[in-house]
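Input: a single structure, listed below in structure tokens.
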Amino acid sequence: MRGQDRSGHRLMRARTVLGAALAACIVLVFGAAFSQEGAPVKIVPRLTGTAQPMELDRVPALGRPVVDDVRRMRNYPEQPPVIPHSIDGYQLTLNTNRCMDCHKREFTEGSGAPMISVTHFQDRDGQVLSDVTPRRYFCTACHVQQTDVPPLVQNTFQDAKDIGRKR
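The letter at position 125 of the sequence shown is residue 125 when you use UniProt numbering, and the numbering goes up by one with no holes.
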């Protein structure tokens, strides 16, 4: 920019700053005109109940695990199967996964447990690995132990194949 006339750039910059200041004033004027200062304050009920957020609450005991080893029908496609046996005391750490003692391919014949899905051997790029992919290693992130407890809320789910069917 050496040797060039800068007066045009200064004029353009001054107009831009003036335009931005004018726009800010318009926003402030209209914002004040439409403010809700006179409107009553709405109190929204807490979603977390009446307990204080940082207070330690006693965690309720889990229900009695269902230990009949019967495979349950899934409620929707791609639902991870529930665990039909007790997993109390199972070690599930970075170095140990007790689930693999029965559900790994080479141990299923002796244990009678179903083999883990082949999808558990694929990484996020679809490459097949020789062992369980790290993102599928912690079983209880998706699979839950079936327990014998009443439901917390009423279930009004209807299967898509049953909607519109006369009863």
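Every residue, glycine too, gets a C-beta built ideally from N, C-alpha and C.
Item, Value
"Beta-carbon proximity of Asp69 to Pro80, cut-off 8 Å", "no"
"Meets three-Cβ-pair contact criterion under 8 Å: the segment 57-66 and the segment 142-150", "yes"
"Distance, Val132 Cα to Ser86 Cα", "22 Å"
"Bridge-paired residues (DSSP) for Ile83", "Gln145"
"Extent of the continuous alpha helix (DSSP H) to which Cys102 belongs", "100-103"
"Pro134, DSSP secondary structure in three states", "helix"
"Residues sharing a beta bridge with Arg64, DSSP", "Asp148"
"Buried or exposed (CB count within 10 angstroms, at least 16 for buried), Cys25", "exposed"
"Local conformation of Val128 per DSSP, three classes", "strand"
"Nonlocal neighbours in the same chain, by C-beta distance under 6 Å from His103, ignoring five residues either side", "Ala113, Ile116"
"Cβ-based burial, Cys142 [other Cβ within 10 Å; buried from 16]", "exposed"
"6 Å CB neighbourhood of Tyr90 in its chain, flanking five on each side removed", "Arg98"
"For Thr119, the nearest candidate out of Arg13, Glu55, Glu78 (CA to CA)", "Glu78"
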